[in-house]
Amino acid sequence: MKKTICLFASIYLFVFLIVGVMSATSCSKLETEFEASYDADLEVYTARDIDGAFSAYATINPDDNSDFRKNKDKIKNIDIISVSGKVIETNKSFLLSAILSVYSDKNSTGWTVSGLPVSVGTVLTLGNEDGQWDIIKQIANEKKTYHVSLIGNTSEDDISLTVRVTIKYRVTAKAI
1 MKKTICLFAS IYLFVFLIVG VMSATSCSKL ETEFEASYDA DLEVYTARDI
51 DGAFSAYATI NPDDNSDFRK NKDKIKNIDI ISVSGKVIET NKSFLLSAIL
101 SVYSDKNSTG WTVSGLPVSV GTVLTLGNED GQWDIIKQIA NEKKTYHVSL
151 IGNTSEDDIS LTVRVTIKYR VTAKAI
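Just so it is clear: in the sequence shown, position 77 is 77 by the numbering used here, and no numbers are missing.
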(Lines of atoms letter the chains of each structure in order from A and count residues from 1; the text may use other names and numbers.)
(Lines give C-alpha, C1' and ligand atoms only; values in the text may rest on other atoms or scores of the structure.)
Protein backbone atom coordinates (compact mmCIF):
# COMPACT_ATOMS: atom_id res chain seq x y z
CA MET A 1 0.00 0.00 0.00
CA LYS A 2 2.83 2.42 0.89
CA LYS A 3 4.54 1.61 -2.41
CA THR A 4 1.34 2.39 -4.30
CA ILE A 5 0.92 5.72 -2.50
CA CYS A 6 4.59 6.59 -3.14
CA LEU A 7 4.19 5.61 -6.80
CA PHE A 8 1.07 7.82 -7.18
CA ALA A 9 2.79 10.68 -5.35
CA SER A 10 5.83 10.35 -7.63
CA ILE A 11 3.66 10.27 -10.75
CA TYR A 12 1.66 13.27 -9.49
CA LEU A 13 4.86 15.21 -8.77
CA PHE A 14 6.29 14.29 -12.18
CA VAL A 15 3.12 15.41 -13.99
CA PHE A 16 3.05 18.61 -11.92
CA LEU A 17 6.66 19.39 -12.88
CA ILE A 18 6.04 18.67 -16.57
CA VAL A 19 2.96 20.93 -16.61
CA GLY A 20 4.95 23.65 -14.81
CA VAL A 21 7.83 23.49 -17.27
CA MET A 22 5.45 23.51 -20.25
CA SER A 23 3.58 26.49 -18.83
CA ALA A 24 6.78 28.42 -18.19
CA THR A 25 8.13 27.84 -21.69
CA SER A 26 4.83 28.57 -23.39
CA CYS A 27 4.41 31.88 -21.51
CA SER A 28 7.41 33.31 -23.30
CA LYS A 29 5.76 32.39 -26.58
CA LEU A 30 2.70 34.46 -25.67
CA GLU A 31 4.66 37.63 -26.47
CA THR A 32 6.83 38.71 -29.33
CA GLU A 33 9.34 41.55 -29.44
CA PHE A 34 10.63 43.44 -32.44
CA GLU A 35 12.32 46.72 -33.26
CA ALA A 36 10.87 49.37 -35.53
CA SER A 37 12.74 52.37 -36.89
CA TYR A 38 11.25 55.53 -38.39
CA ASP A 39 12.96 58.35 -40.28
CA ALA A 40 11.56 61.85 -40.70
CA ASP A 41 13.45 63.97 -43.23
CA LEU A 42 13.04 67.67 -42.49
CA GLU A 43 13.86 69.70 -45.59
CA VAL A 44 14.70 73.34 -44.95
CA TYR A 45 15.02 76.04 -47.58
CA THR A 46 15.65 79.69 -46.74
CA ALA A 47 15.42 82.44 -49.31
CA ARG A 48 17.70 85.43 -49.61
CA ASP A 49 17.01 88.39 -47.35
CA ILE A 50 14.72 86.67 -44.81
CA ASP A 51 17.22 86.51 -41.94
CA GLY A 52 17.49 82.73 -42.19
CA ALA A 53 14.03 82.03 -40.71
CA PHE A 54 12.53 78.64 -41.60
CA SER A 55 10.08 75.92 -40.66
CA ALA A 56 10.00 72.29 -41.78
CA TYR A 57 7.57 69.48 -41.01
CA ALA A 58 7.44 65.73 -41.56
CA THR A 59 4.99 62.98 -40.66
CA ILE A 60 5.78 59.59 -39.14
CA ASN A 61 3.26 56.84 -39.80
CA PRO A 62 3.98 53.81 -37.58
CA ASP A 63 2.07 51.60 -40.04
CA ASP A 64 4.90 52.12 -42.55
CA ASN A 65 6.75 49.35 -40.67
CA SER A 66 5.31 45.97 -41.76
CA ASP A 67 5.92 44.29 -38.36
CA PHE A 68 4.16 47.16 -36.59
CA ARG A 69 1.25 47.09 -39.03
CA LYS A 70 0.89 43.31 -38.74
CA ASN A 71 0.91 43.37 -34.90
CA LYS A 72 -0.79 46.74 -34.32
CA ASP A 73 -3.91 45.34 -32.63
CA LYS A 74 -1.79 43.04 -30.43
CA ILE A 75 0.76 45.63 -29.24
CA LYS A 76 1.05 45.76 -25.45
CA ASN A 77 3.89 48.25 -25.09
CA ILE A 78 6.32 50.39 -27.05
CA ASP A 79 9.63 51.53 -25.55
CA ILE A 80 11.92 54.09 -27.13
CA ILE A 81 15.42 52.77 -27.88
CA SER A 82 16.83 55.98 -29.35
CA VAL A 83 16.01 59.35 -30.85
CA SER A 84 18.66 60.92 -33.06
CA GLY A 85 19.08 63.74 -35.53
CA LYS A 86 21.69 64.19 -38.22
CA VAL A 87 22.31 66.70 -40.99
CA ILE A 88 22.42 64.60 -44.15
CA GLU A 89 22.59 67.44 -46.66
CA THR A 90 23.36 71.17 -46.74
CA ASN A 91 24.65 73.60 -49.32
CA LYS A 92 26.91 75.52 -46.89
CA SER A 93 28.04 75.76 -43.27
CA PHE A 94 26.15 78.00 -40.84
CA LEU A 95 24.98 78.35 -37.23
CA LEU A 96 21.58 76.88 -36.32
CA SER A 97 19.20 78.02 -33.60
CA ALA A 98 15.96 76.03 -33.60
CA ILE A 99 13.36 74.00 -31.76
CA LEU A 100 12.90 70.41 -32.88
CA SER A 101 9.50 69.05 -31.81
CA VAL A 102 7.78 65.67 -31.88
CA TYR A 103 4.02 65.91 -31.42
CA SER A 104 0.65 64.22 -31.80
CA ASP A 105 -2.90 65.38 -31.14
CA LYS A 106 -2.44 64.58 -27.43
CA ASN A 107 1.26 65.03 -26.57
CA SER A 108 4.30 67.06 -27.56
CA THR A 109 7.94 67.41 -26.60
CA GLY A 110 11.06 68.98 -28.01
CA TRP A 111 14.65 70.09 -27.85
CA THR A 112 16.24 73.50 -28.27
CA VAL A 113 19.42 74.03 -30.26
CA SER A 114 21.21 77.37 -30.03
CA GLY A 115 24.21 78.47 -32.09
CA LEU A 116 25.03 74.95 -33.31
CA PRO A 117 27.70 74.92 -36.07
CA VAL A 118 26.17 72.91 -38.93
CA SER A 119 27.69 71.05 -41.86
CA VAL A 120 27.00 67.66 -43.45
CA GLY A 121 27.23 64.99 -40.75
CA THR A 122 26.44 67.29 -37.81
CA VAL A 123 24.62 65.34 -35.10
CA LEU A 124 21.80 66.93 -33.11
CA THR A 125 21.80 65.63 -29.54
CA LEU A 126 18.25 64.49 -28.82
CA GLY A 127 18.64 63.11 -25.32
CA ASN A 128 16.17 62.35 -22.55
CA GLU A 129 17.39 64.98 -20.07
CA ASP A 130 13.93 66.51 -19.65
CA GLY A 131 11.90 63.32 -20.17
CA GLN A 132 11.43 63.84 -23.91
CA TRP A 133 11.68 60.12 -24.66
CA ASP A 134 8.97 59.44 -22.08
CA ILE A 135 6.64 61.75 -24.01
CA ILE A 136 7.65 60.13 -27.31
CA LYS A 137 6.85 56.76 -25.72
CA GLN A 138 3.35 58.08 -24.94
CA ILE A 139 3.04 59.32 -28.53
CA ALA A 140 4.25 55.97 -29.91
CA ASN A 141 1.81 54.03 -27.71
CA GLU A 142 -1.05 56.00 -29.30
CA LYS A 143 -0.19 53.89 -32.41
CA LYS A 144 -1.22 56.75 -34.70
CA THR A 145 0.47 59.07 -37.15
CA TYR A 146 2.48 61.86 -35.52
CA HIS A 147 4.69 64.74 -36.60
CA VAL A 148 8.21 66.14 -36.34
CA SER A 149 9.00 69.81 -36.88
CA LEU A 150 12.08 72.01 -36.98
CA ILE A 151 11.47 75.75 -36.60
CA GLY A 152 14.13 78.40 -36.18
CA ASN A 153 16.71 80.45 -37.99
CA THR A 154 20.18 80.18 -39.44
CA SER A 155 23.13 82.57 -39.46
CA GLU A 156 23.03 82.60 -43.27
CA ASP A 157 20.38 83.16 -45.93
CA ASP A 158 19.87 81.02 -49.01
CA ILE A 159 20.28 77.70 -47.17
CA SER A 160 19.13 74.25 -48.20
CA LEU A 161 19.33 71.67 -45.45
CA THR A 162 17.99 68.19 -44.72
CA VAL A 163 17.90 66.92 -41.14
CA ARG A 164 17.00 63.25 -40.64
CA VAL A 165 15.36 62.47 -37.31
CA THR A 166 15.32 58.74 -36.50
CA ILE A 167 13.13 57.27 -33.77
CA LYS A 168 13.67 53.61 -32.86
CA TYR A 169 11.12 51.51 -30.94
CA ARG A 170 11.20 48.20 -29.10
CA VAL A 171 7.70 46.78 -29.46
CA THR A 172 6.16 44.07 -27.27
CA ALA A 173 3.06 42.41 -28.69
CA LYS A 174 0.90 39.40 -27.93
CA ALA A 175 2.00 36.55 -30.17
CA ILE A 176 -1.42 34.93 -30.36
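We put the beta carbon where it would ideally sit given N, CA and C, even for glycine.
Who are the Cβ neighbours of SER82 in its own chain at under 8 angstroms, not counting the five residues just before and after it? Once the five neighbours on either side are set aside, the close Cβ partners of SER82 are THR166, ILE167 and LYS168.
Just confirm the distance between the C-beta atoms of ILE78 and ASN141, as a whole number of angstroms; I'd bet it's less than 8 angstroms. That pair is a contact at about 5 angstroms.
Between which two residues does the alpha helix (DSSP H) carrying ASN77 extend? First-last for ASN77: 75-90, but that is the beta strand (DSSP E), not the alpha helix (DSSP H).
In angstroms with no decimal places, state the Cα-to-Cα distance between SER116 and SER108. Rather than Ser, the amino acid found at residue 116 in this sequence is Leu. Counting only the Cα atoms, SER108 lies some 23 angstroms from LEU116.
In terms of alpha-carbon separation, which member of LYS76, PHE54, ARG170 and LYS86 lies closest to ASP41? The shortest C-alpha separation from ASP41 is found at LYS86.
THR46 and HIS147: beta carbons closer than 8 angstroms? No; because the gap between Cβ atoms is not below 8 angstroms, this pair is not in contact.
For SER37, tell me which candidate among GLU31, ASN65, ALA53 and GLY52 has the shortest Cα-Cα distance. Nearest to SER37 by C-alpha distance, out of GLU31, ASN65, ALA53 and GLY52, is ASN65.
Determine the direct distance from the alpha carbon of THR154 to that of LEU96, and round the result to whole angstroms. Approximately 5 angstroms between the Cα atoms of the pair.
For ALA140, report the span of its alpha helix (DSSP H) as first-last. Counted as a single uninterrupted DSSP element, the alpha helix (DSSP H) harbouring ALA140 occupies residues 132-141.
Which listed residue (SER149, VAL163 and ASP158) has its alpha carbon closest to that of ASP51: Out of SER149, VAL163 and ASP158, ASP158 has the C-alpha closest to the C-alpha of ASP51.
8 angstroms Cβ cutoff met for LEU126 and SER84: Yes, they are a contact pair.
What number of angstroms, rounded off, separates the C-alpha of THR145 from the C-alpha of SER104? Straight-line Cα distance between these residues: approximately 7 angstroms.
Three-state secondary structure (DSSP) of SER114: Judged by DSSP in its simplified three-state form, SER114 adopts strand.
State the CB to CB distance for the pair PHE68 and VAL171, rounded to an integer number of angstroms; the pair is presumed to be in contact (CB under 8 angstroms). Indeed, because the Cβ distance is near 6 angstroms, the residues count as touching under 8 angstroms.
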